[in-house]
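Chemist: Mind looking over this structure? Questions follow.
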Amino acid sequence: MTFSTELWDRGAAKVYEEILRHPFITGLTDGTLDHAAFRYFIVQDSHYLRAYSRALTLVAAKATDEDAVRMFARHAAEAIEVEQELHTSLLASLGLTSADVDAAGSRPTTTAYMSYLTAVCATGTYAEAVAAVLPCYWIYRDVGRELLKRSSPDPVYAQWIATYGSEEFDSVVESVLAVTDRLGDEVGPGERERCHRHFSTTTRYEWMFWDAAYRELDWPVG
Numbered sequence: 001m002t003f004s005t006e007l008w009d010r011g012a013a014k015v016y017e018e019i020l021r022h023p024f025i026t027g028l029t030d031g032t033l034d035h036a037a038f039r040y041f042i043v044q045d046s047h048y049l050r051a052y053s054r055a056l057t058l059v060a061a062k063a064t065d066e067d068a069v070r071m072f073a074r075h076a077a078e079a080i081e082v083e084q085e086l087h088t089s090l091l092a093s094l095g096l097t098s099a100d101v102d103a104a105g106s107r108p109t110t111t112a113y114m115s116y117l118t119a120v121c122a123t124g125t126y127a128e129a130v131a132a133v134l135p136c137y138w139i140y141r142d143v144g145r146e147l148l149k150r151s152s153p154d155p156v157y158a159q160w161i162a163t164y165g166s167e168e169f170d171s172v173v174e175s176v177l178a179v180t181d182r183l184g185d186e187v188g189p190g191e192r193e194r195c196h197r198h199f200s201t202t203t204r205y206e207w208m209f210w211d212a213a214y215r216e217l218d219w220p221v222g
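Below is the structure:
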């Protein structure tokens, strides 16, 4: 069993099934999802991508070979590019601007997810950092594959689905899975358990991210 499969089986398989059944996802494909929920998602995704880019730079700094350094550094830059593209395409389609994103700020689930990622990538080992960032790659790729099968009658949702279900994104994910599997032989028992814990935690945060958007979760006070 590869290291990535080990992580998935222990920390993601059940959660992934729950993601596919979530009303946010099913609402995307049948077109019934409220646009307000999708706007919430896109705004929070913009904040998340900024933090994810910074997390990937930390992973790059910990990488033990030059190819991995270049790959994660490139992905960090691409995350910012994706965030900027949101400003010029999806945000405009939803009647939003970059100023609206900044004004909305980061909501509870987004803040918690970003903080956890940053902490692990800053203080954990290289393998722990890879395990923490991997679900965002993998879950989005596999969700994208499922969504592409159905697409959506809503043109805005169909545009988003096409982005994350692309062959280019699939190639990116495969490259990260290959790095993960090479790390498997180098990880000792204690570090391995921490990798499992981080992978499981950020996988749950992926579900929570969809759920927060569906419920338009806001700060309870303040």
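Each residue of the sequence shown is one higher than the one before, starting from 1 at the first, in the UniProt record's numbering. Cβ atoms here follow ideal geometry from the backbone N, Cα and C, with glycine treated the same way.
1) Unbroken alpha helix (DSSP H) runs of length 4 or more, entirely within the segment 127–212: which are they?
2) So, helix, strand or coil for residue 107, using DSSP?
3) Any idea what DSSP makes of residue 219, helix, strand or coil?
4) Applying the criterion that 16 or more other CB atoms from any shown protein chain within 10 Å of the CB defines a buried residue, is residue 39 buried or exposed?
5) Compute the distance between the beta-carbons of residue 12 and residue 203, then report whether it is under 8 Å.
6) Please list the terminal residues of the continuous alpha helix (DSSP H) segment that includes residue 9.
7) Looking at the structure shown, is residue 20 part of a helix, part of a strand, or coil, going by DSSP?
8) Determine the extent of the alpha helix (DSSP H) in which residue 63 is found, giving its start and end residues.
9) Can the beta-carbon of residue 207 be found less than 8 Å from the beta-carbon of residue 18?
10) Exposed or buried, residue 71, counting other C-beta atoms within 10 Å across all chains shown (16 or more means buried)?
11) Please return the same chain residues whose Cβ sits closer than 6 Å to the Cβ of residue 184, not counting the five positions on each side in sequence.
12) Who are the Cβ neighbours of residue 10 in its own chain at under 6 Å, not counting the five residues just before and after it?
13) Mark residue 133 as exposed unless 16 or more other C-beta atoms lie within 10 angstroms of its C-beta, in which case mark it buried.
14) Does DSSP classify residue 33 as helix, strand or coil?
15) Does DSSP put residue 28 in a helix, in a strand, or in coil?
16) Straight-line CA distance for residue 58 to residue 220?
17) Looking at C-beta atoms only, is the number of pairs between the segment 41–54 and the segment 109–119 that lie closer than 8 Å three or more?
18) Out of 23, 6 and 8, which has the shortest C-alpha to C-alpha gap to residue 212?
19) Determine the closest residue to residue 118 out of 15, 65 and 53, with distance taken between C-alpha atoms.
20) Under 8 Å, do residue 75 and residue 172 count as touching if we go by C-beta distance?
21) So, helix, strand or coil for residue 97, using DSSP?
Modeler: A quick look at the data gives this:
1) 155–164 and 167–183
2) coil
3) coil
4) buried
5) yes
6) 3–11
7) helix
8) Segment: none, residue 63 is in no alpha helix (DSSP H) and carries neither H nor E.
9) yes
10) buried
11) 3
12) 196
13) buried
14) coil
15) helix
16) 32 Å
17) yes
18) 23
19) 53
20) yes
21) coil
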